[in-house]
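Undergrad:
Numbering (our numbering), first residue to last: 592 to 986.
Structure follows, in structure tokens:
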């Protein structure tokens, strides 16, 4: 017996080495394309991340995050979206992320032509500036239609920019507020062209009475030295924005302490905090999930009203909670609440109807269980498991 146990232990230690090199697969987090632009007269490199469930159904539509500096942030930001939208307490819906490579960062990002640099001095390096309007034309007239045509996107869009690429994000808000629903602007270059974005913001607030929009702004305390302006123009912009913004604009903002973060470390933490702000109200706490699940539907109706599109909890999470109350802590009324909610939210899902059938079966309602299995079978006629369970109930 002792010999057998030792043999088993040695085998388990050797398994990783025995399996190395076998059944290897690539880890793919997205795809990269070259999109031909007539507006920009060039090809543009675009990286696209799709959520996990995208590959497992053909009925879910997703919000889209459009991220500038895509070549720099695609991996980190797509990983953040994956984490924030997964597990048992997702803080945002699953989403498509589109990273846009900054191939001509100065020209594409600057809303005006200017040769005045960061410290207020003339700098010829900025001569090729002023192309943000054309760049936004590319995004709104070519990129967004491409994404909407080729992927299951819904109507909700978020625009994200960092540092100098924060300028076109705000420029898009001021000039085409109908194109994006929310904006995440990370320590943007508010100093540009004698703080022209500040002036444009004041003009925008006087006239804007359109649909509600969310914006999240961040900056960091500046360390005064010979290489920095005397004042943090971004923080001044944020304070002025808070005092004067339109009632149709919901503002979230944060200034990070410089001993904890600096301009170069700010991107990822700001992105995470910004998404949590934009999709505030999405996360279900344990009390809602396990004690009072009846409040979840109302919670997501309120979130849908605020965001302007219908948001449901993730299908697999609600199914899990339904089965939790069938098998782990039997409470068939709670299980049926979850399964019914899922079938209503995802009527094209065989898994939602299969779960509902199991809930009715556990409750002892054979008639409703058969009806639900039949709906599941309509969606997947070759599912042998459903065929077998349905036959058992009919007999």
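Glycine included, each C-beta is placed from N, C-alpha and C at the ideal position.
Determine the extent of the beta strand (DSSP E) in which residue 687 is found, giving its start and end residues.
TA: Reading the chain shown from its first residue, position 96 is the one you call residue 687. Looking at the DSSP string, the run of the beta strand (DSSP E) that includes residue 687 is 687–691.
Undergrad: Quick check on residue 616: buried or exposed, where buried means 16 or more other Cβ atoms within 10 Å of its Cβ?
TA: If you number the chain shown from 1, residue 616 lands on position 25. Exposed is the call here.
Undergrad: In chain order, what residues of the same chain lie with their CB nearer than 8 Å to the CB of residue 833, ignoring the 5 residues before and after it?
TA: As a position in the chain shown, residue 833 is number 242, starting the count at 1. If we look at residue 833 and ignore the five residues flanking it on each side, its Cβ neighbours are 842 and 844.
Undergrad: Under the assumption that residue 910 contacts residue 942 (Cβ atoms under 8 Å), give the Cβ distance between them as a whole number of angstroms.
TA: Taking the first residue of the chain shown as position 1, residue 910 is located at position 319. Taking the first residue of the chain shown as position 1, residue 942 is located at position 351. Confirmed, about 6 Å.
Undergrad: Return the chain-ordered list of same chain residues with a C-beta closer than 6 Å to the C-beta of residue 793, the five sequence neighbours on each side being excluded.
TA: Position 202 of the chain shown, counted from the first residue, corresponds to residue 793. Here the set comprises nothing.
Undergrad: Excluding sequence positions up to five away, which residues of its chain have a Cβ less than 8 Å from the Cβ of residue 766?
TA: Start at 1 with the first residue of the chain shown, and residue 766 comes out as number 175. So the qualifying residues of the chain are 724 and 727.
Undergrad: CA-CA distance, residue 594 and residue 919?
TA: Indexing the chain shown from 1 puts residue 594 at position 3. Indexing the chain shown from 1 puts residue 919 at position 328. Residue placement at residue 594 cannot be trusted, given a pLDDT of 48 that sits under 50; the coordinates are not used to answer.
Undergrad: Give me the residue from 717, 950, 631 and 846 with the minimum Cα distance to residue 926.
TA: In the chain shown, the residue the question calls residue 926 occupies position 335. Nearest of 717, 950, 631 and 846 to residue 926, Cα basis: 950.
Undergrad: With the cut-off set at 8 Å, would you say residue 848 and residue 786 are in Cβ contact?
TA: Stepping through the chain shown from its first residue, residue 848 is reached at position 257. Stepping through the chain shown from its first residue, residue 786 is reached at position 195. No.
Undergrad: If you measure between the beta carbons of residue 701 and residue 720, is that distance less than 8 Å?
TA: Residue numbering aside, residue 701 sits at position 110 when the chain shown is read from its first letter. Residue numbering aside, residue 720 sits at position 129 when the chain shown is read from its first letter. Contact: yes.
Undergrad: Taking the alpha helix (DSSP H) that residue 933 falls in, what are its first and last residues?
TA: Walking along the chain shown from the start, residue 933 turns up at place 342. Element bounds for residue 933: 923–936.
Undergrad: Touching or not, the stretch 645–654 and the stretch 741–753, by the rule of three or more beta carbon pairs under 8 Å?
TA: Counting Cβ pairs under 8 Å, three or more are found: they touch.
Undergrad: Kindly indicate which three-state DSSP category residue 774 falls into: helix, strand or coil?
TA: Taking the first residue of the chain shown as 1, we reach residue 774 at position 183. Residue 774 falls in the strand class under three-state DSSP.
Undergrad: Please state whether DSSP places residue 731 in a helix, a strand or coil.
TA: Taking the chain shown and counting its residues from 1, one reaches residue 731 at position 140. Reduced to three states, the DSSP call for residue 731 is helix.
Undergrad: Can you pull the DSSP bridge partners for residue 623?
TA: Here the question's residue 623 lines up with position 32 in the chain shown. Answer by DSSP bridge pairing, in chain order: 638.
Undergrad: What does DSSP give as the partner residue(s) for residue 840 in the beta ladder?
TA: Numbered from its first residue, the chain shown carries residue 840 at position 249. Per DSSP, 804.
Undergrad: Determine the contact status of residue 752 and residue 776, defining contact as a CB-CB distance below 8 Å.
TA: Your numbering for residue 752 matches position 161 in the chain shown. Your numbering for residue 776 matches position 185 in the chain shown. Yes, the Cβ-Cβ distance between residue 752 and residue 776 is below 8 Å.
Undergrad: Measuring CB to CB, does residue 904 end up less than 8 Å from residue 891?
TA: Taking the chain shown and counting its residues from 1, the one referred to as residue 904 is at position 313. Taking the chain shown and counting its residues from 1, the one referred to as residue 891 is at position 300. Going by C-beta atoms, residue 904 is nearer than 8 Å to residue 891.
Undergrad: Could you pull out every residue in the same chain whose Cβ sits closer than 6 Å to the Cβ of residue 762, ignoring the five residues on either side in sequence?
TA: By one-based count along the chain shown, residue 762 stands at place 171. Taken in chain order, the residues that qualify are 702 and 723.
Undergrad: Between residue 633 and residue 621, how many whole angstroms is the CB-CB distance? I'm expecting something under 8 Å.
TA: Reading the chain shown from its first residue, position 42 is the one you call residue 633. Reading the chain shown from its first residue, position 30 is the one you call residue 621. The pair is not a contact, with the Cβ atoms about 22 Å apart (cut-off 8 Å).
Undergrad: Does the separation of the CB atoms of residue 688 and residue 656 fall below 8 Å?
TA: Within the chain shown, numbered from 1, the residue matching residue 688 stands at position 97. Within the chain shown, numbered from 1, the residue matching residue 656 stands at position 65. Their beta carbons are under 8 Å apart, which means residue 688 touches residue 656 by this criterion.
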